[in-house]
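**Q** This is the structure I want to talk about, given as structure tokens.
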Amino acid sequence: MELILQDVKKSFGEKQVLKGAGYTFSQSGIYGLLGRNGAGKTTLFNCLSGEFPADSGTVLLSDGGKQRPLAQGDVGYVLSTPVVPEFLTGYEFVKFFLEISGDPGGTGRTPDDWLALVGIDKEDRHRLMQGYSHGMKNKVQMLCFLIGRPPVILLDEPLTSFDVVAALEMKNLLREMKDDHIIIFSTHILQLAADLCDQIVILNHGLLESVDPDLIHTPEFESRIIDILRDSDAQEAPQ
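Every letter in the sequence shown is one number past the one before it in the working numbering, and letter 203, counting from 1, is 219.
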């Protein structure tokens with residue numbers, strides 16, 4: 017399965033954010049999307065998830081040699097600012113989501129199992145999510161896509177609100193899922209990208225470019241990424 021981006025463009029007024037971005041993401045790998053603040057990472061995710069359409073270009077999902085346009089149900093988007101139904105408890109929401117999704121992964125996990133997986137304590141599971149912290153809401157939001165298992169999973173700044181134990185559990189689960197999904201996450205934390213990613217893609221000047229995967233686990237990885245992004249600043253500086 018592949019997610020194919022071709023010449024994707026998006027502008028806001030006179031500011032062109034995506035300038036013909038193209039890339040092919042494949043399953044069986046976790047992709048880290050890196051870029052400076054304002055580079056357009058969230059804009060790209062919004063275009064892929066259907067939050068708002070790209071101005072031009074195509075986004076296709078290829079599976080078994082057949083290509084089709086990417087549909088909204090194909091994408092799970094974990095937002096950096098979580099959105100959950102605050103009038104439900106965490107347990108009620110996860111139970112409801114399991115009932116409507118039918119546990120497509122066939123895990124057999126109960127609501128308590130899922131909530132424990134992301135570190136929601138027993139005493140918090142039956143509280144209204146209105147009283148949850150930002151991090152707790154983020155965990156519940158992520159559960160929706162772990163349960164629903166859409167083919168494409170987008171994560172905007174994942175794991176930053178998770179404690180050490182929950183973050184490790186989530187990383188292990190994402191590694192387990194990568195064989196059946198296309199997983200892309202944006203992050204500013206180079207160590208997290210190096211630890212979790214099989215591929216690194218940089219959004220630079222509105223375009224996508226890959227980094228040699230052999231570089232990821234070397235001492236030169238961080239300096240190479242910084243050099244690329246510094247080159248971006250130099251190219252954009254007025255002459």
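Idealized CB from N, CA, C, for every residue including glycine.
If I measure Cβ to Cβ from glutamine 255 and keep anything under 8 Å in the same chain, skipping five residues before and after, which residues do I get?
**A** If you number the sequence shown from 1, residue 255 lands on position 239. In this predicted model, glutamine 255 has a pLDDT of only 32, less than 50, meaning its place in the structure is not dependable; the value taken from the coordinates is given anyway. Excluding positions up to five away in sequence, the list is empty.
**Q** To the nearest whole angstrom, what separates the beta carbons of leucine 21 and glycine 56, a pair I think is in contact under 8 Å?
**A** What you label residue 21 is simply residue 5 of the sequence shown in a count that begins at 1. What you label residue 56 is simply residue 40 of the sequence shown in a count that begins at 1. Not quite, the Cβ-Cβ distance comes to about 13 Å (not below 8 Å), so this is no contact.
**Q** What residue ranges within the region 85 to 135 form continuous beta strand (DSSP E) runs of no fewer than 3 residues, ordered along the chain?
**A** Those beta strand (DSSP E) runs which fall completely within the region 85 to 135 and span 3+ residues are 91 to 94.
**Q** Output the distance between the C-alpha atoms of leucine 190 and arginine 246, rounded to the nearest integer angstrom.
**A** Your numbering for residue 190 matches position 174 in the sequence shown. Your numbering for residue 246 matches position 230 in the sequence shown. Cα-Cα distance, rounded: 31 Å.
**Q** I'd like to confirm the pairing. Which residues does DSSP put opposite tyrosine 47 in its beta bridges?
**A** As a first step, residue 47 is located in the sequence shown; it is residue number 31 there, counting from the start. Ile200, Gln215.
**Q** Which same chain residues, not among the five before or five after glycine 66, have their C-beta less than 6 Å away from its C-beta?
**A** Counted from its first residue, the sequence shown places residue 66 at position 50. The residues are Gln88.
**Q** Let me know the secondary structure DSSP gives glutamate 185 once reduced to three states.
**A** The sequence position of residue 185 within the sequence shown is 169, counting from 1. It is helical.
**Q** Between the region 45 to 59 and the region 125 to 137, are three or more C-beta pairs nearer than 8 Å?
**A** They do not touch, by the three-pair rule.
**Q** Exposed or buried, which one is alanine 253 when buried takes at least 16 other CB atoms within 10 Å?
**A** The residue given as residue 253 occupies position 237 in the sequence shown. The pLDDT assigned to alanine 253 is 41, lower than 50, so where the model puts this residue is not dependable, and the model offers no usable value.
**Q** Following a CB-centred definition, is glutamate 108 positioned closer than 7 Å to any heavy atom of the ligand COA?
**A** Inclusion of the ligand COA in the displayed structure is not the case, the ligand content being empty and no account of it being possible.
**Q** Quick one: using the 10 Å Cβ neighbour count with 16 as the cut-off for buried, is isoleucine 116 buried or exposed?
**A** Looking up residue 116 in the sequence shown gives position 100. Looking at its Cβ environment, which holds fewer than 16 other Cβ atoms inside 10 Å, isoleucine 116 is exposed.
**Q** Bridge partners for valine 75 per DSSP, in chain order?
**A** Stepping through the sequence shown from its first residue, residue 75 is reached at position 59. Answer by DSSP bridge pairing, in chain order: Leu21.
**Q** Does DSSP put glycine 36 in a helix, in a strand, or in coil?
**A** Stepping through the sequence shown from its first residue, residue 36 is reached at position 20. Three-state DSSP puts glycine 36 in a strand.
**Q** Report yes or no: do the region 104 to 116 and the region 182 to 199 share at least 3 C-beta pairs separated by less than 8 Å?
**A** Contact fails: fewer than three Cβ-Cβ distances are below 8 Å.
**Q** Can you tell me whether aspartate 90 is buried or exposed? The criterion is at least 16 other CB atoms within 10 Å of its CB, across all chains shown.
**A** Here residue 90 corresponds to residue number 74 of the sequence shown, with the count starting at 1. Buried, since its Cβ has 16 or more Cβ neighbours within 10 Å.
**Q** For aspartate 195 versus serine 44, is the C-beta spacing smaller than 8 Å?
**A** If you number the sequence shown from 1, residue 195 lands on position 179. If you number the sequence shown from 1, residue 44 lands on position 28. Yes, the Cβ-Cβ distance between aspartate 195 and serine 44 is below 8 Å.
**Q** How would you write the range of the alpha helix (DSSP H) that histidine 163 sits in, first residue to last?
**A** Taking the first residue of the sequence shown as position 1, residue 163 is located at position 147. This sequence places isoleucine at residue 163; histidine is not what is there. 150 to 164 is the span of the alpha helix (DSSP H), which, as asked, contains isoleucine 163.
**Q** By the three-class DSSP mapping on this structure, what secondary structure does asparagine 15 have?
**A** The first residue shown for the chain is 17 and the last is 255, placing residue 15 beyond what the model contains.
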